[in-house]
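Residue numbers (our numbering): 44 to 574. The C-beta atom is built at its ideal place from N, Cα and C for all residues, glycine as well.
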Ligand code: CA
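This is how it looks when you write it as structure tokens:
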């Protein structure tokens, strides 16, 4: 992380970034943790000089192009931190990722980007700017779940706000934040949706007799499963209420080809939307590489490894290249902020149909392996090439940052607690520094851990003794003992040797920060939707 220790200790926190531009606050040597400008926003580290630089860059962009920037989020499902070549994977582990690597090399590669530990929590947090514990979307909504309240009824989504300020908004690919009426993407803010409601496995499991013979070959079991009634088709939905089956899912082949079909749709929409004066927001959410992976015919055998996960990763990487090329061809590349990431760590339960992380744990845990994901920010002409930063970035920050890019920060909800931080200046300023000091980790309704600078403190941990790969299916959540488990991630990235209370004075500071976080729930009680 780009900071020096004295500044770190002396930093003012508790100040909203947007309100921190005064000269007095530029003096980072003072220290006053009691100063709080509002009670409904995650505090940000004030960086007035950096904010001014980014604001000037954005103003110059607008003067040059006479528009707000397009925003394209490329969200991969369950890809590990260690999968892309630019993060140590790639060719070394049998699946080259030249397109992601090029964006990383020509943009900003973030090494400490954090997701939630599973799909629904991350996806909803990105689109609401709020922790799942606050919205009630605390775990994946699965086939057969019956929730007690529509969490979207009183949430404000990112596409809804962007739509208000003139953006065309589109979700292509996986949704996974509810498929009942009132919870679908085109009903909660997106103009248009072209994709699937659930994850790949939930769609293909009723077809794969090799993997699930006990379901597929048993008419009684299959009938009972089908009665649960999840929609497995490729859906085309519009904000005027039309919801149509675009392509029915009739077998495994339809899912194998799905990401290429989704790509074709995004390419077509980029061509169309680039003809419009309005900017666009596209979330392209891949179905791959969530288990069960069936690479398309074109990409079967495309990786050196030849395993379905690896072929699927090569396919995803190739599609990223196609989308960037399409933006370029449409003359929009220099007008578009692109962010590439994954919604959680690899699902090791399904190995070898799973990704790679060098960290401890996996999807379903709040160990680094479950929540630390690749994060690549790319915008030619606006983000200088060749940058790497370990500054903290939470995917919820895409909420505030997108509003900032769209000039819509004044529409940030004020009547609820917002956990995102506007990281525009971190991403845009050359050698920018993160404005986020804390990343809080929750699992369902349990507070698990806090990362602050290079330290991470756990109050609860996920354990799976005896089954090192089954981080979901054989795991338990355990309370820690007398002392919280504290790891210095710079010297112990695998989180297996706590420095505890005996070696780190940071324990007290982080304890106080956790109490502050807890106090936000007294002011703004969490929602329960029956998950
Ligand atoms: Ca996922």
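- Straight-line spacing of the CA atoms in residue 476 and residue 294 works out to 48 Å.
- Spatial neighbours of residue 526 in its own chain (CB-CB distance under 6 Å, excluding positions within 5 residues in sequence) are listed in chain order as 543, 544.
- Between residue 539 and residue 410, the alpha-carbon positions lie close to 10 Å from each other.
- With a threshold of 7 Å, the Cβ atom of residue 384 does not count as near ligand 1, since no heavy atom of the ligand is closer than that.
- 8 Å or more divides the Cβ of residue 154 from the Cβ of residue 437.
- Annotated as proximal: residue 451 and residue 208, with beta-carbon spacing under 8 Å.
- Of all alpha-carbon atoms in 108, 135, 110, the one lying nearest the alpha-carbon of residue 399 is that of 135.
- The beta carbon of residue 270 lies closer than 8 Å to none in the same chain, with the five residues before and after it left out.
- The Cβ-Cβ distance between residue 313 and residue 370 falls below 8 Å.
- Its chain contains 332, 356, 359, 385, 389, 398, 416, 417 as the residues whose beta carbon lies nearer than 8 Å to that of residue 122, once the 5 sequence neighbours on both sides are disregarded; these appear in chain order.
- The three-state reading of DSSP puts residue 347 in coil, since its state is none of H, G, I, E or B.
- In this structure, residue 82 has its CB at a distance of at least 7 Å from all heavy atoms of ligand 1.
- Between residue 192 and residue 573, the C-beta gap is smaller than 8 Å, which places the two residues in contact.
- Taking a cut-off of 8 Å for Cβ pairs, the region 136-151 and the region 175-184 do not touch, as fewer than three such pairs fall below it.
- Along the region 94-175, the beta strand (DSSP E) occurs as fully enclosed runs of 3 or more residues at 113-119, 151-157, listed in sequence order.
- Beta-carbon to beta-carbon, residue 465 and residue 87 are separated by about 7 Å, close enough to satisfy the 8 Å threshold.
- Distances taken from the Cβ of residue 467 to the heavy atoms of ligand 1 include none shorter than 7 Å.
- When the Cα atoms are used, residue 235 and residue 406 turn out to be separated by approximately 30 Å.
- Between the C-alpha atoms of residue 130 and residue 303 there is a straight-line separation of about 25 Å.
- With a beta-carbon spacing of about 6 Å, residue 420 and residue 382 fall inside the 8 Å limit used to define contacts.
- A straight-line Cα-Cα distance of about 37 Å links residue 188 and residue 322.
- Less than 8 Å separates the beta-carbon of residue 503 from that of residue 520.
- Burial state of residue 81 is exposed, judged by a 10 Å Cβ sphere holding fewer than 16 other Cβ atoms.
- When DSSP assignments are scanned along the region 358-437, the uninterrupted stretches of beta strand (DSSP E) that are 3 or more residues long and fall wholly within it turn out to be 379-385, 415-421, 430-432.
- Comparing alpha carbon positions, the residue from 431, 352, 365 closest to residue 396 is 352.
- Counting only runs that start and end inside the region 492-552, the alpha helix (DSSP H) elements of at least 4 residues fall at 543-546.
- The residue from 439, 350, 462 with its alpha-carbon nearest to that of residue 387 is 439.
- Within the same chain, Cβ atoms closer than 6 Å to the Cβ of residue 301 are found at 330, the five residues on either side in sequence being excluded.
- In this structure, residue 215 keeps its C-beta atom at 8 Å or more from the C-beta atom of residue 117.
- Rounded to whole angstroms, the Cβ separation of residue 354 and residue 344 is 6 Å, and the two are in contact under 8 Å.
- By the C-beta density criterion, residue 262 is exposed, having fewer than 16 other C-beta atoms within 10 angstroms.
- The three-state secondary structure of residue 84, taken from DSSP, is strand.
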